[in-house]
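**Student:** All residue numbers for the sequence shown refer to the working numbering, where the first residue is 27 and numbers rise by one.
Using N, Cα and C, we set each Cβ at its ideal position, and we do this for glycine too.
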Amino acid sequence: MSSTAKVISELCQLDFDALAAYEATLERIEEPSLKETIATFRDDHQAHIESLNQMLVQRSEDRITEADFKKVLTKGKVVIAGLINDKAILKAMVVNEEVTTKAYEKAVDHDGFTPQERATIERHWADEKRHKQWFSDAAERL
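1) Between which two residues does the alpha helix (DSSP H) harbouring I147 extend?
2) How is R89 classed by DSSP in three states: helix, strand or coil?
3) Compare the C-alpha of M119 against each of L82, E131, E49 and Q39 and name the closest.
4) If you run the structure through DSSP and keep just helix, strand and coil, what is D69?
5) Who are the near neighbours of V83 in its chain, counting only those whose CB is closer than 7 angstroms to its CB and skipping five residues on each side?
6) What residues in its chain sit with their C-beta under 7 angstroms from that of E124, if we drop five residues either side in the sequence?
7) Give the range of the alpha helix (DSSP H) segment to which N122 is assigned.
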């Protein structure tokens, strides 16, 4: 696997981790208006997985079908926070989004992407920054 395919694969695994955290969050969050936005962000992560897997296929690599060990850690943060309240859940998701935002930020600097791949990675990074900001703002409002 090339270094570029490895970066794509790791991002895909991280998006699977994020997807698990979103599912756990949606199961525990109480405020309906929060759930609606969180569900759209979950869908963004699902779309990221699809586009990253498409990049891997175009590079003759295997699709990623499950996340690595981080899934337990990411989901665990939300499970623990779920024992407290919506604000705690949102704060846990800020931490989760910081991880994905940093990963995409680092990936943008990788030299091996095609122009189309780079544009996709930059769009995903923009999504992550938007998610992180929303969770931070929403937690402060509660």
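**Tutor:** On the basis of the data shown:
1) On the sequence shown, residue 147 is found 121 positions in, with the first residue counted as 1. That run of the alpha helix (DSSP H) goes P141 to R167.
2) As a position in the sequence shown, residue 89 is number 63, starting the count at 1. In this structure, R89 counts as coil in the three-state DSSP scheme.
3) Counting from 1 along the sequence shown, the entry for residue 119 is found at position 93. Closest option to M119, judged by alpha-carbon separation, among L82, E131, E49 and Q39: E49.
4) Translated into positions along the sequence shown, residue 69 becomes position 43. The answer is helix: DSSP assigns D69 an H, G or I state.
5) The residue given as residue 83 occupies position 57 in the sequence shown. Correct list, in chain order: R89.
6) As a working note, residue 124 is residue 98 in the sequence shown. Contacts found: K158.
7) Residue mapping note: residue 122 aligns to position 96 of the sequence shown, counting from 1. Counting along the chain, the alpha helix (DSSP H) containing N122 begins and ends at D112 to V134.
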